[in-house]
Structure formats: structure tokens, C-alpha cells
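Which chain is which? The protein sequence lines are C and H, in order.
Each residue of the first sequence is one higher than the one before, counting from 1 in full-length UniProt numbering.
Each residue of the second sequence is one higher than the one before, counting from 1 in full-length UniProt numbering.
No residue lacks a Cβ here, since even glycine has one placed at the ideal position from N, Cα and C.
On a predicted model such as this, the values are computed, not experimentally measured, just so you know.
Protein chains: 2
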Amino acid sequence: MPDQHSTLRAQRRAETQRAIQAHAVRLFVERGYDATTVIDVAEAAGVSPMTVYRHFPTKEDLVLVDQYGRLLAERITASPAARPLVRRVGNALVDSATALTRSGTTGDLTPEGRFLLARLRLMISTPALRAKHLDNQYALQQAIVGALGEEAAEPDAAFHAQAAASACLAAMHTALVRWAEDEGRADLADLVRKALVAAFGDGILDG
Amino acid sequence: MPDQHSTLRAQRRAETQRAIQAHAVRLFVERGYDATTVIDVAEAAGVSPMTVYRHFPTKEDLVLVDQYGRLLAERITASPAARPLVRRVGNALVDSATALTRSGTTGDLTPEGRFLLARLRLMISTPALRAKHLDNQYALQQAIVGALGEEAAEPDAAFHAQAAASACLAAMHTALVRWAEDEGRADLADLVRKALVAAFGDGILDG
DNA sequence: ACCTCAGTGGTAGTCACTACCATGTCGGTA
DNA sequence: TACCGACATGGTAGTGACTACCACTGAGGT
Numbered sequence: 001m002p003d004q005h006s007t008l009r010a011q012r013r014a015e016t017q018r019a020i021q022a023h024a025v026r027l028f029v030e031r032g033y034d035a036t037t038v039i040d041v042a043e044a045a046g047v048s049p050m051t052v053y054r055h056f057p058t059k060e061d062l063v064l065v066d067q068y069g070r071l072l073a074e075r076i077t078a079s080p081a082a083r084p085l086v087r088r089v090g091n092a093l094v095d096s097a098t099a100l101t102r103s104g105t106t107g108d109l110t111p112e113g114r115f116l117l118a119r120l121r122l123m124i125s126t127p128a129l130r131a132k133h134l135d136n137q138y139a140l141q142q143a144i145v146g147a148l149g150e151e152a153a154e155p156d157a158a159f160h161a162q163a164a165a166s167a168c169l170a171a172m173h174t175a176l177v178r179w180a181e182d183e184g185r186a187d188l189a190d191l192v193r194k195a196l197v198a199a200f201g202d203g204i205l206d207g
Numbered sequence: 001m002p003d004q005h006s007t008l009r010a011q012r013r014a015e016t017q018r019a020i021q022a023h024a025v026r027l028f029v030e031r032g033y034d035a036t037t038v039i040d041v042a043e044a045a046g047v048s049p050m051t052v053y054r055h056f057p058t059k060e061d062l063v064l065v066d067q068y069g070r071l072l073a074e075r076i077t078a079s080p081a082a083r084p085l086v087r088r089v090g091n092a093l094v095d096s097a098t099a100l101t102r103s104g105t106t107g108d109l110t111p112e113g114r115f116l117l118a119r120l121r122l123m124i125s126t127p128a129l130r131a132k133h134l135d136n137q138y139a140l141q142q143a144i145v146g147a148l149g150e151e152a153a154e155p156d157a158a159f160h161a162q163a164a165a166s167a168c169l170a171a172m173h174t175a176l177v178r179w180a181e182d183e184g185r186a187d188l189a190d191l192v193r194k195a196l197v198a199a200f201g202d203g204i205l206d207g
């Protein structure tokens, strides 16, 4: 069974990766990003420095790598193409925020939410992380615009698409920063909704 | 005359800095950013590597440092505070674009415009430069929002201000990218105007 | 003539990251 | 059961960005 083979390997690999990232973020929070070397992270995780680099191409990726960016992009491209772009993006943002931070029953932060909060604080306060994070967001913006296809072929349409996509992502970013400053007490999905309404008016939201 | 003293010193320093940056950008364009070391730049400029670092804190700043960011910020904060933010920012962007790229009489690109074009292409194509450039833009956004003072104290107003400022800067960025892709043939101020209109409608522009 | 100090150069070191090769170990196969 | 292959990992040696510390020089101002 080659399926099970690769599956087990992948699980093993994913677990190692998760452990390395968890130790990295913990150390970065405790000692600061710049004051922590990749060797420190490797020792804490019980692996060699080379293994760290095998799982994370750069030190920044120890904080920035997550599944949510790809998940968000999939969610956006999977939404009905007939609807306006800002609604598609807006709903994907709100849905993701809800799923990621609160458990439905208790309303408390999920462990993933707490981890995201720690990573966000690092991203906001550390210049190197902030810069690369913004570049990732810009790449997502280009992916969103690219998903429009020929719709954005002419200059004017392209300007519109870039403006709409960047405004969506800026709204998300503003909401994330506010959420992090608030220590995660506010509801992230709510903040995203408010930021989107502030940028585009009430029309974006469903229901 | 302590004035002349510091003035002459500053001129000397500024000239060295300009020469280093010119050689750096030329080499980056010729050989590529990653394939060019700071030592290469230092040798080309006829100075020691340490002198390069004295004038530019990081290798990225060899491409990113310019006076226009500060100039733009001053222009924005100097504009009448009574007017809407997007109009203030928009007019400052259009004015700066006009001043920086075309001579009034011939309509050709100024040397500064050609230099800006080369730097822009590097910023767009090199990940490290793009990331730090986006972080600089984000810092400018925060400065713009900060210039609003208590106007943006409440959450809702802050969301509005962040959304407006980021949309302005995204419009500028879109125009700059389009201008660079067009090899500088189009009129930058025109592109900025079109991007602003695409984002906000006709209302932003004066006259 | 002397002093000051900004601008510059040298040396040695840290750290992120890479290329190349060796090892082990686990899953599938004869 | 004995073997094989492939992937995850470890080691070594290097490059390049960047810093800390100290020394020199030359152009002001007294």
C-alpha cells in the first residue's frame, strides 16, 4: 500500500514540523526573535539545525508558515464566481476568522487561536516578519486578482481589481492588528466584518 | 560659520551616498541583486565595505532609500487638514509623480525618473526588496493615519482611516507597477489618477 | 600651530543559509 | 527472512550580510 506508506511518512513529517514551529514561537516570545538563533530552536526541538531548514526555508517562515493562507485562497476561488469579488473575499475572511479562533460551544479561544495570536504579535512587532508577511499578503492579492482571469485584462478593470483586493486584505489586516492589540478578547470575525463595512459599506455582508 | 561647516560636510556625505547607490543599482541591474555582494558595490564605488554600511544600514536600503517617501509624507501633512483625507493623499501622489518623472518642457523622463524606474523594477522582481518596500509603505500608512490624530481614536474611525490610507497607497503601488511594466512610457501622474479614480470614483481629483 | 571630530579603513566575529556527502531506519519486496 | 530503496536526518565546510571595536586621516575652528 503506497498510500499508507506516504501517508505515514507525511504524518511523521508534519508532526516534526509542528513541534519545531511550536518551540520556535515559544522561544521567540520568551527571548525575542532576533535574540533567538535557529540553533536555539533546533536544540529546543531536539533536532539538528539542518532539520529546521529542511522544514522551514527561512527563519521567518518559522512564524509565518501556516495553512490558513492557502485555505483562504481555496475558499475564495471556490466561491461562486458570479458574485462580486469583494463579497466573495469578505465572506471567506469572516468564515475563516470564525473557524480559527473560537470553539462554537464555549466561546473561548481555541489552542490554534492562541497560537495565531502569539504569531500575530511577533509579526506586528518584528520588522523582518512584518515585511515578509506583507509580501505574502501581496502575493495573495495577486492570486486573487489573477483568479479573475480576463475580467481584469484591460487597464481600468485591472486597477479596479487591484484596488478591491487590496482593500479587502487591508481590512483583514487592520482587523487582525486590532484583535492582537486586544489580546484576542474581541471576536475576530466581528472585527473583520466591521473593517469590511468601514471600507465598503453595509452592502458586502450576507444576510 | 558652523552653518557652512555642517553644510559642506553634509554635501560631501550626500555625494558619497549618491555615488554608492548609483553604482549599487547599476550592478544589481547588470548582475542581479542576489548575485551582487556588498563588497562588489563597495569596490565599484571605490570605498570600503564599511563605508557602504555607514551610509546604508542594509543591502536592501541601497535600492529602497530615497527622499520621496519623506517628501510625500510632508506634502500630505502640509495640506489643508479640513479637506478629506483621500483628496489630500491623492493630490500629493499626483503632484509627486508629475514632479519626479517628466521635465515640463520636453516631456521626456528625467534622470531621476529613469533611476526610479530601474529601482522600481528591482523592487518588484526581488522578493527581499519587495517585502521591505511593502513594509515601508505600511509605515507610511501608519504615519498618515497617525497624522489624523484624535479623529481616528475610536475603533470605527480607525478602521475607516486605515481603509482609506491603505487604498490610497495601494492605488499608488498599482500605478507604479503598471508604470514600471510599461517601461516608463506612460505618464505616471496619469496612472496614479486612474488608479485613484478606479478605487474611489471621480470625486477625489481637484478641478 | 593645535585640537576636534566626522568620515573612513581594518580585523575579527556572529548568524542565516547552502552544497555536498554520510548514515540510519522504516516500508515494501524477492 | 533477508534484502533493497527512499526518505528523513546529521555533519562539515563554506558564503555573505552585518556588527563591534579600534585606529587613522584630514578638514574645520581656536
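- Between the stretch 64-78 of chain H and chain C, which residues of the former have CB atoms less than 7 Å from a CB of the latter, in chain order? none
- Just checking, does the stretch 166-178 of chain H make contact with the stretch 192-202 of chain H on the three C-beta pairs under 8 Å criterion? yes
- Item | Backbone CA spacing between C:Ile124 and H:Gly46 [nearest angstrom] | 39 Å
- Query: Apart from the five residues on each side of it in sequence, which residues of its chain come closer than 7 Å, Cβ to Cβ, to C:Asn136?
  - Reply: Leu64 and Gly69
- Message: Please report whether the beta-carbon of C:Ser166 lies at a distance below 8 Å from any beta-carbon of chain H.
- Response: yes
- Give the residues of chain H in contact with C:Tyr138, contact being defined as C-beta atoms less than 8 Å apart. Arg130 and Leu134
- Would you please verify whether the beta carbon of C:Asp156 is less than 8 Å from any beta carbon of chain H? Proximity of C:Asp156 to chain H, defined by a Cβ-Cβ separation below 8 Å, is satisfied.
- What in chain H is Cβ-close to C:Ala171, meaning under 7 Å? Ala163
- Message: Ignoring anything shorter than 4 residues, give me the alpha helix (DSSP H) runs that lie fully in the stretch 43-71 of chain C, in order along the chain.
- Response: Here the runs fully enclosed are 49-55 and 61-64.
- Message: At the level of alpha carbons, what is the spacing between C:Pro49 and C:Phe56?
- Response: For C:Pro49 and C:Phe56, the distance between alpha carbons rounds to 11 Å.
- Check the Cβ of H:Ser195 against every Cβ in chain C and list those closer than 8 Å, keeping chain order. What sits at residue 195 of chain H in the sequence shown is Ala, not Ser. In chain order: Phe159, Gln162 and Ala163.
- In DSSP terms, what H:Arg102 is bridged to: Looking at the DSSP assignment, H:Arg102 forms a beta bridge with H:Leu109.
- Could you tell me how far apart the beta carbons of H:Ala44 and H:Val52 are, in whole angstroms, since I believe they sit closer than 8 Å? About 10 Å; that fails the 8 Å criterion.
- Below 8 Å between beta carbons: does that hold for H:Tyr33 and H:Leu134? no
- Could you name the residues of chain C that H:Arg121 contacts, counting a contact when the two beta carbons are closer than 8 Å? None at all; the shortest Cβ gap to chain C is about 16 Å.
- In the structure shown, what three-state DSSP assignment does C:Arg83 receive? coil
- Query: Does C:Ala199 come within less than 8 Å of chain H when only Cβ atoms are used?
  - Reply: yes
- From the DSSP output, in three-state form, read off C:Thr36 for me. coil
- Query: Using CA coordinates, which residue listed in H:Val177, H:Glu112 and H:Pro127 is at the minimum distance from H:Arg18?
  - Reply: H:Glu112
- Task: Indicate whether at least one CB of chain H lies closer than 8 Å to the CB of C:Pro127.
- Result: yes
- Using three-state DSSP, classify H:Glu183 as helix, strand or coil. coil
- Do we get a CB-CB distance below 8 Å when we pair H:Thr174 with the residues of chain C? yes
- Message: Can you tell me whether H:Leu100 is buried or exposed? The criterion is at least 16 other CB atoms within 10 Å of its CB, across all chains shown.
- Response: buried
- Helix or strand or just coil, what does DSSP make of H:Ala170? helix
- With a CB to CB cut of under 6 Å and the five nearest residues on each side skipped, what residues in its chain are close to C:Arg178? Leu191
- Establish whether the CB of residue 213 of chain C and some CB of chain H are separated by less than 8 Å. Not covered by the structure: residue 213 of chain C. The range shown for chain C is 1 to 207.
- Item | Three-state secondary structure assigned by DSSP to H:Glu15 | helix
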